[in-house]
Amino acid sequence: MATASTPLKYLFPSWFAVVMGLCGLSLAWHRAQPLMGDGAGAASAVIGALAALVFAVLAVATAVRVRRHPEAWAEDCRHPVRHAFVATVPIGMILLATVAVAHGLQGPLVEALWAAGGLLQLAVTVWVLGRWWKGNGAGGLVWASFTPALFIPIVGNVLVPLAGVPLGHPEWSAAQFGVGLLFWPVVTVMIGVRIASHGLWPERLRPVSFIFIAPPAVVGLSLLQ
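In terms of this note's numbering, the sequence shown has 869 at position 94, counting the first letter as 1, and numbering is strictly consecutive.
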């Protein structure tokens, strides 16, 4: 008997990075509007709507995946590298709220999206840090698995003020920003130690090196808030 195809089993959390990229592109076009005119603003709105649509599709597909293939989701959470991409889900929520605020959309739905994303991001940060405390035990610290992807669950907290301050939550935004800012140099040093002791990560993971660009850029933008 032929085995039925189960593509949802391989829908890794890293797919939510598409939402992050689209949101970033939308915000970039929005900032370009004073120089490039209303066309840039329209492009920003269209790309932001596309990001929301992609997030909705991925969220539904992920919920179905967790229900049908719970072992696959559990494996993602145990994986020494893939577990870091679980944070792309709450970061996608935070960035969608940021895009909405940039376009003047505020209200209970946007606040709920931002709050849920921020709390989930903080929870993922605590969870990942908990893995480090396990040391060399099962599910603990494995130096060979350290890549710039770890900036996502740990330093991703610095994104919170981008929408949080305009929404009227400066204190919480500052607190969560402080968490990300505190661990940014820590993660950077640990990745440096990993490179010194094990060399660079495998070639298929080399694109994650570009994540080094994100923390200083976002820290600067958040400080402006």
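Idealized CB from N, CA, C, for every residue including glycine. Remember, it's a predicted structure, so these values are computed and weren't measured experimentally.
At the C-beta level, His844 and Cys852 stay beyond 8 Å of one another. Ranked by how close their Cα comes to the Cα of Thr837, the residues Glu978, Tyr785, Ser920 have Tyr785 in first place. By the Cβ criterion, the region 818-836 is not in contact with the region 891-899, since fewer than three pairs of Cβ atoms, one from each stretch, lie closer than 8 Å. Taking all protein chains shown into account, Phe985 has fewer than 16 neighbouring C-beta atoms within 10 Å of its C-beta and is therefore exposed.
Measuring C-alpha to C-alpha distances from Trp959 to each of Ala989, Pro945, Ser972, Leu937 identifies Ala989 as the nearest.
Fully contained in the region 829-866 are the following alpha helix (DSSP H) runs of length 4 or more, in chain order: 845-853. Unbroken alpha helix (DSSP H) stretches of 4 residues or longer found wholly inside the region 913-950: 926-930, 936-939, given in chain order.
CA-CA distance, Ala815 to Ser972, rounds to 46 Å.
In the structure shown, Trp976 falls within a coil segment according to DSSP collapsed to helix, strand and coil. If you ignore the 5 residues before and after Arg981, its C-beta comes within less than 8 Å of the C-beta of Leu975, all in its own chain and listed in chain order. In this structure Val876 is in contact with Leu942, their Cβ atoms being roughly 7 Å apart against a cut-off of 8 Å. Judged by their CB atoms, Phe952 and Val964 are not nearer to each other than the 8 Å cut-off. In this model, Gly967 and Pro977 are separated by some 15 Å (Cα to Cα).
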